[in-house]
Structures are given as C-alpha cells and as structure tokens.
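Step one of this worksheet: look at the structure below.
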Amino acid sequence: AQKVTQAQTEISVVEKEDVTLDCVYETRDTTYYLFWYKQPPSGELVFLIRRNSFDEQNEISGRYSWNFQKSTSSFNFTITASQVVDSAVYFCALIRNNAGNMLTFGGGTRLMVKP
Amino acid sequence: DGGITQSPKYLFRKEGQNVTLSCEQNLNHDAMYWYRQDPGQGLRLIYYSQIVNDFQKGDIAEGYSVSREKKESFPLTVTSAQKNPTAFYLCASSFSTGGYTFGSGTRLTVV
Numbered sequence: 053a054q055k056v057t058q059a060q061t062e063i064s065v066v067e068k069e070d071v072t073l074d075c076v077y078e079t080r081d082t083t084y085y086l087f088w089y090k091q092p093p094s095g096e097l098v099f100l101i102r103r104n105s106f107d108e109q110n111e112i113s114g115r116y117s118w119n120f121q122k123s124t125s126s127f128n129f130t131i132t133a134s135q136v137v138d139s140a141v142y143f144c145a146l147i148r149n150n151a152g153n154m155l156t157f158g159g160g161t162r163l164m165v166k167p
Numbered sequence: 225d226g227g228i229t230q231s232p233k234y235l236f237r238k239e240g241q242n243v244t245l246s247c248e249q250n251l252n253h254d255a256m257y258w259y260r261q262d263p264g265q266g267l268r269l270i271y272y273s274q275i276v277n278d279f280q281k282g283d284i285a286e287g288y289s290v291s292r293e294k295k296e297s298f299p300l301t302v303t304s305a306q307k308n309p310t311a312f313y314l315c316a317s318s319f320s321t322g323g324y325t326f327g328s329g330t331r332l333t334v335v
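Protein sequences appear in the order of chains A and B.
In terms of our numbering, the first sequence opens at residue 53 and continues consecutively.
In terms of our numbering, the second sequence opens at residue 225 and continues consecutively.
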C-alpha cells in the first residue's frame with residue numbers, strides 16, 4: 053500500500069530563516085510521481101512541483117528547492133530565506149499508478165513564518 | 225480561463241438533510257476526484273471518476289454519492305448517512321496520466 057508521511061505537523065520560523073519540510077513515502081511501484089502542494093489560508097491547493105521516480109536530480113526554483121532521494125524514500129522541500137507569505141500548510145503527495153491516477157497525501161506540515 | 229469551479233464556497237446543512245456540492249471543469253480533463261479535508265489533517269479520497277458514466281469508491285466513500293453524466297461535471301452528494309460531514313471538500317480533475325488541478329473548495333458545516 054502507498055503511504056506518505058510528513059512527520060512535522062507544525063514548524064515555526066522567523067523571517068529570513070531557511071526551513072526544510074520532510075516527506076517520506078512508501079510504495080511498491082517502480083514508477084511513481086511525487087508532488088508538493090501549498091495550501092494558503094484561503095484553502096485552495098497550489099501546485100509547486102512534480103517529480104517522477106526516474107528523475108533524482110534536485111530542483112531549484114527561486115527560493116524553493118527539492119531533494120529527492122530514492123535510497124531513503126524521501127522528497128524533502130527547502131525554503132530559503134523564508135518570508136511571511138510562505139506561511140501555509142504544505143502537502144507532499146504520491147500518485148498511485150497501480151490504481152488509476154489518485155493522489156495519496158501526507159498529513160501536511162503547517163509552516164508559520166513570523167516577521 | 226480554464227479551471228475548476230466549486231460551489232457553493234460555504235454550505236450549511238441541518239442534521240438529516242442531503243446536500244449536493246457542485247464541481248465543474250472546462251479543462252477537458254478525463255478524470256475527476258473528490259477529497260475531504262478535516263482540520264489539521266491531510267486529504268482523503270472520497271470518490272473518483274476516470275470516464276463519463278463510471279466512478280469508483282475511494283478510501284472514505286460511506287455516506288457519499290456521486291454521478292458523472294457529463295465530462296465537465298462531477299457533483300458530490302453528502303447524504304444523511306454520513307455521520308460527521310463537517311469538513312472542507314476539494315474537487316480536482318486531471319488527464320489520465322497528468323497532474324491535477326484543484327478547485328477552491330466547499331466548506332460544509334452541519335448546524
């Protein structure tokens with residue numbers, strides 16, 4: 053069975069600090085996709101990144117970076133020089149390829165960035 | 225602009241009533257999904273549909289029903305059999321192998 057674990061339920065940092073959100077996943081599939089979404093207080097889910105299981109290259113997009121390591125089944129997300137606008141709940145998710153295109157979500161990490 | 229529209233944004237239900245949440249997409253996506261989010265928790269799959277006139281139960285389908293008569297529409301009915309319906313409901317759509325687009329959600333409260 054697929055499972056996504058985000059062990060950090062809540063993180064609080066001061067603006068300009070770097071912060072890493074952890075994500076560990078379990079799947080028996082050899083082909084899968086991993087995602088990160090941001091959920092601001094308004095509630096909608098904002099897509100941040102998709103990574104397939106064959107691409108272990110780290111990715112950087114502005115202040116955001118992602119570290120995918122198949123050896124440890126982890127897909128961690130780092131925000132550099134955090135800002136108050138980064139305050140949100142962040143979800144890691146996995147596509148269940150063996151049963152259609154359904155996302156399995158982790159429990160989410162609430163990030164609070166204080167000025 | 226293409227996207228997913230969920231309505232209403234807020235919905236109040238009396239005990240024992242059925243209510244229907246609307247979800248419409250104009251992205252020409254094949255698949256549509258309903259997720260439930262409880263406070264401080266992740267999203268759990270209620271129902272999904274990969275083609276018109278076909279849908280499958282997700283992890284927490286009890287007390288819910290859906291229909292998929294048109295490609296663009298995937299309404300969710302929360303029945304009186306759902307014992308704890310107060311939650312945030314998110315609809316999503318995707319191509320069969322592609323990424324998701326989410327709606328802005330409906331917050332349902334039982335009064």
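All residues carry an ideal CB built from backbone N, CA and C; glycine is no exception.
Here the structure is a predicted model, which is why all the values come from computation and not from measurement.
For residue i, go through chain A and note every residue whose CB falls closer than 7 Å to its CB, in chain order.
i, result
"A255 (chain B)", "N153"
"S320 (chain B)", "N153"
"S328 (chain B)", "G95 and E96"
Could you pull the DSSP bridge partners for residue i from this structure?
i, result
"Y257 (chain B)", "B:Y272 and B:A316"
"E111 (chain A)", "A:W118"
"V104 (chain A)", "Checking the displayed sequence, the identity of residue 104 (chain A) turns out to be Asn instead of Val. Note: N104 (chain A) sits in a beta bridge opposite A:Y85."
"Q91 (chain A)", "A:V141"
"K294 (chain B)", "B:S297"
"L267 (chain B)", "B:Q261"
Listing by chain order, which chain B residues have their CB less than 9 Å from the CB of residue i?
i, result
"F120 (chain A)", "Ordered by position in chain B, no residue passes the 9 Å Cβ test against F120 (chain A), which lies about 16 Å from the chain."
"G143 (chain A)", "Reading the sequence as shown, one finds Phe at residue 143 (chain A) and not Gly. The contacting residues are G266 and L267."
"F171 (chain A)", "In the structure displayed, chain A extends from 53 to 167; residue 171 (chain A) sits before or after that span and is not available."
Could you spell out the range, first to last residue, of the beta strand (DSSP E) harbouring residue i?
i, result
"C247 (chain B)", "V243 to Q249"
"D278 (chain B)", "D278 to K281"
"T156 (chain A)", "M154 to F157"
"E62 (chain A)", "E62 to V66"
"F326 (chain B)", "Y324 to F326"
Does DSSP put residue i in a helix, in a strand, or in coil?
i, result
"V136 (chain A)", "helix"
"T124 (chain A)", "helix"
"R233 (chain B)", "According to the sequence as given, residue 233 (chain B) is Lys; it is not Arg. Three-state result, K233 (chain B): coil."
"R80 (chain A)", "coil"
"S304 (chain B)", "coil"
"A59 (chain A)", "coil"
"T310 (chain B)", "coil"
"C144 (chain A)", "strand"
"R162 (chain A)", "strand"
"K345 (chain B)", "Because residue 345 (chain B) is not part of the residues shown, which for chain B are 225 to 335, the question remains open."
"R331 (chain B)", "strand"
"L73 (chain A)", "strand"
"I131 (chain A)", "strand"
"I284 (chain B)", "coil"
What residues of chain D sit near residue i, judged by a beta carbon separation below 9 Å?
i, result
"F312 (chain B)", "Among the protein chains in the structure shown, which are A and B, there is no chain D."
Below 7 Å on C-beta distance, what does residue i contact in chain B?
i, result
"R102 (chain A)", "G323"
"F157 (chain A)", "G266 and L267"
"G114 (chain A)", "The premise fails here: G114 (chain A) is roughly 20 Å from chain B at the closest Cβ pair, so nothing lies under 7 Å."
Check the Cβ of residue i against every Cβ in chain B and list those closer than 8 Å, keeping chain order.
i, result
"F129 (chain A)", "In chain order: nothing, as chain B lies at least about 15 Å away."
Given the structure, does residue i come close to the ligand ATP, in the sense that its CB is under 8 Å from one of the ligand's heavy atoms?
i, result
"Q249 (chain B)", "As far as ligands go, the structure on display features none, and thus does not contain the ligand ATP."
The region 123 to 137 of chain A in contact with the region 66 to 84 of chain A per 3-pair CB rule at 8 Å: yes
Between the region 277 to 286 of chain B and the region 230 to 246 of chain B, can you find at least three pairs of beta-carbon atoms closer than 8 Å? no
Spell out a yes or no on whether the region 92 to 101 of chain A and the region 110 to 118 of chain A are touching, meaning 3 or more CB-CB pairs, one atom from each, closer than 8 Å. yes
At least 3 beta-carbon pairs within less than 8 Å: the region 316 to 328 of chain B vs the region 248 to 256 of chain B: yes
Using 8 Å as the threshold, is the region 83 to 96 of chain A in touch with the region 292 to 302 of chain B, meaning 3 or more CB pairs across them? Judged by Cβ distances under 8 Å, the region 83 to 96 of chain A makes no contact with the region 292 to 302 of chain B, as fewer than three pairs qualify.
May I ask you to verify whether the region 133 to 144 of chain A touches the region 298 to 307 of chain B, counting CB pairs closer than 8 Å and requiring at least 3? Cβ pair count under 8 Å is below three, so no.
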